[in-house]
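> Here our numbering runs 49 ahead of the position in the sequence shown, where the first position is 1.
For each residue, glycine too, the CB sits at the ideal point set by N, CA and C.
After the structure tokens below, expect a handful of questions from me.
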Amino acid sequence: MIHPGLEWKSHAARLADDLIAAGKLTDPRLADAVRETPRHVFVPAYHRQTADGGWAEHRSTDDLAAVYANTALITALTPERAVLSSSTQPGLMTRMIESLQLADGMRVLEIGTGTGYNAALLTHLLGERNVFSIDIEPGLVELARTRIPGRPTLVTGDGAQGLPEHAPFDAIIATCAVPAIPWPWIDQVRPGGVILADLKPAPGAGSLVRLTRQGDGAEGRFDPTYAAFMDLRPAPGTAGFRVERGHAEYRTTDVDPNTPWTSLVTWFIASFDLGSEIAYGYTFPEGSAASSIATPDGSWAEITLAAENGRHAVAEGGPRRLWRLVEEAHRLWTDLGCPGWDRFGFTATPQAQTVSLDGGHSWRVTGGPE
């Protein structure tokens, strides 16, 4: 599988050097893994979005410099041309692996095999007997099995269930987003072991959290730097919902309509009131661009991007006023001094999962135990 005629090793060495210079790679053992792992084998082709919103496929061997750059690569699309799988930004992978503080002989479970590149780095670092990986997509698992040097344990299945037959693990790393930490992960990591996952109680709302198993639960803090992964899927494929816009009430707001994308902590706080299912994006009502939010109960809001005298027009309908909830979250965030991710903690017990801010304000994660 490794193309001997290609000068990929010089590109891999440059990638490792770039990550070291950027402060995303400090462990010499992991740097060696980056230098010795051929990313183009794990990503033989990838998709780039075109100017008209479509997708164009590129062969990795045509541009090795692009493949060995510190960028995420879209590797699979659904029949509807939505993103199904990607190869994570290498700098995020190395930063997450280093966060686990792995020592020789430790056993790691990866949730979300994807292309297998991350599992290959872990295998180079720890050896095949100590690396386990699971993914819901059988095709991805089979391809990864042919690409990873050595024979780590790769399984097709629901990542939320972990791999109880191979537990306990010293660390669990999830390369996918979850609405709450699945209890099997906590149950399958040893006392003092680490869980690192992208906690997203609602779409786009959350970031990396690093937990340590303590007693019958786990606790920890959010990573200072924002990160985002695709959602963990219980089965191949995915879904959504539609909301019909009916009667609207109109007013104005001074809160940026781009908040879901530009003020991520505000959006995180708002999500606990908005709910776990939120559709959001951009619309063009009557020819004017607007951001939009909708929830399954029929509530919706549109906020024009253009402002007049510093205020944006708001249209809201349904049983709840969704933008009011975002405004309240923004007010709380500013009143608390605009906290960053590192001021948020997380606690998981068999009874509940809770996000807290500096030990004061707290929110229940509804996807956890009830």
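1) If you draw a straight line from the alpha carbon of residue 180 to that of residue 229, how long is it in whole angstroms?
2) If we call anything under 9 Å between Cβ atoms a contact, is residue 105 one with residue 84?
3) To the nearest whole angstrom, what separates the beta carbons of residue 414 and residue 250, a pair I think is in contact under 8 Å?
4) At 4 residues or longer, what runs of the alpha helix (DSSP H) sit wholly inside the region 171-228?
5) Roughly how many angstroms separate the alpha carbons of residue 56 and residue 110, rounded to a whole number?
6) If you follow the beta strand (DSSP E) that residue 69 is in, where does it begin and where does it stop?
7) For the alpha helix (DSSP H) containing residue 148, list its first residue and its last residue.
8) How about residue 248 and residue 256: do their beta carbons lie closer than 9 Å?
9) Our contact map puts residue 187 next to residue 209 with C-beta atoms below 8 Å; I'd like the distance itself, whole angstroms only.
10) Which residues does DSSP list as the beta-bridge partners of residue 1?
11) Quick test of your reading: residue 396 and residue 266, contact by CB under 8 Å. State the CB separation rounded to the nearest angstrom.
12) By Cβ distance, which residues of its chain are closer than 7 Å to residue 123, with the 5 residues on each side in sequence left out?
13) With 16 other CB atoms within 10 Å as the buried threshold, where does residue 117 fall?
14) For residue 305, which of helix, strand or coil comes out of DSSP?
15) So the beta strand (DSSP E) residue 240 belongs to, where does it begin and stop?
16) For the region 339-403, list the alpha helix (DSSP H) runs that are entirely contained and at least 4 residues long, ordered along the chain.
17) Could you check whether residue 74 and residue 120 sit closer than 9 Å to each other, using their CB atoms as the reference points?
18) Tell me the residue span of the alpha helix (DSSP H) that contains residue 320.
19) Would you kindly report the start and end of the unbroken alpha helix (DSSP H) that includes residue 89?
20) So is residue 366 buried or exposed if we call it buried at 16+ other beta carbons inside 10 Å?
21) Cutting at 6 Å between CB atoms, please list the residues of its own chain near residue 68, excluding the five before and the five after it.
22) Please report how far the alpha carbon of residue 301 lies from the alpha carbon of residue 226, in whole angstroms.
23) Using 10 angstroms around the beta-carbon of residue 299, count the other beta-carbons present and answer buried if the total reaches 16, otherwise exposed.
24) Could you spell out where the alpha helix (DSSP H) holding residue 85 opens and where it closes?
25) Could you tell me whether the Cβ atoms of residue 238 and residue 315 are closer together than 9 Å?
26) To the nearest angstrom, how far is it from the Cα of residue 98 to the Cα of residue 127?
27) With distance defined between alpha-carbon atoms, name the residue in 114, 176, 416 nearest to residue 58.
28) Exposed or buried, residue 288, counting other C-beta atoms within 10 Å across all chains shown (16 or more means buried)?
29) Quick one: what's got a C-beta closer than 8 Å to residue 292's C-beta in the same chain, skipping five residues either side?
30) Apply the 10 Å Cβ neighbour rule to residue 273 and answer buried if 16 or more other Cβ atoms are within range, or exposed otherwise.
31) For residue 110, which of helix, strand or coil comes out of DSSP?
32) Helix, strand or coil for residue 276 per DSSP?
33) Excluding sequence positions up to five away, which residues of its chain have a Cβ less than 8 Å from the Cβ of residue 223?
34) Is the Cβ-Cβ distance between residue 394 and residue 416 less than 9 Å?
Reading it off the structure:
1) 24 Å
2) no
3) 5 Å
4) 187-196
5) 10 Å
6) Premise fails: residue 69 lies in the alpha helix (DSSP H), 57-70, not in any beta strand (DSSP E).
7) 139-148
8) yes
9) In fact, because the Cβ distance is near 17 Å, the residues do not count as touching under 8 Å.
10) This structure cannot settle anything about residue 1, because the visible part of the chain is limited to 50 through 419.
11) 7 Å
12) 95, 96, 132, 135
13) buried
14) coil
15) 238-251
16) 371-384
17) no
18) 313-323
19) 88-91
20) buried
21) 74, 140, 143
22) 34 Å
23) exposed
24) 77-85
25) no
26) 14 Å
27) 114
28) Because residue 288 sits at a pLDDT of 41, beneath the cut-off of 50, its placement in the model cannot be relied upon, and the following sentence gives the value as read from the coordinates. By the 10 Å Cβ count, residue 288 comes out exposed.
29) 328, 343, 344, 345, 347, 348, 349, 367
30) exposed
31) helix
32) coil
33) 159, 160, 161, 208, 234, 244, 245, 246, 247, 278, 281
34) no
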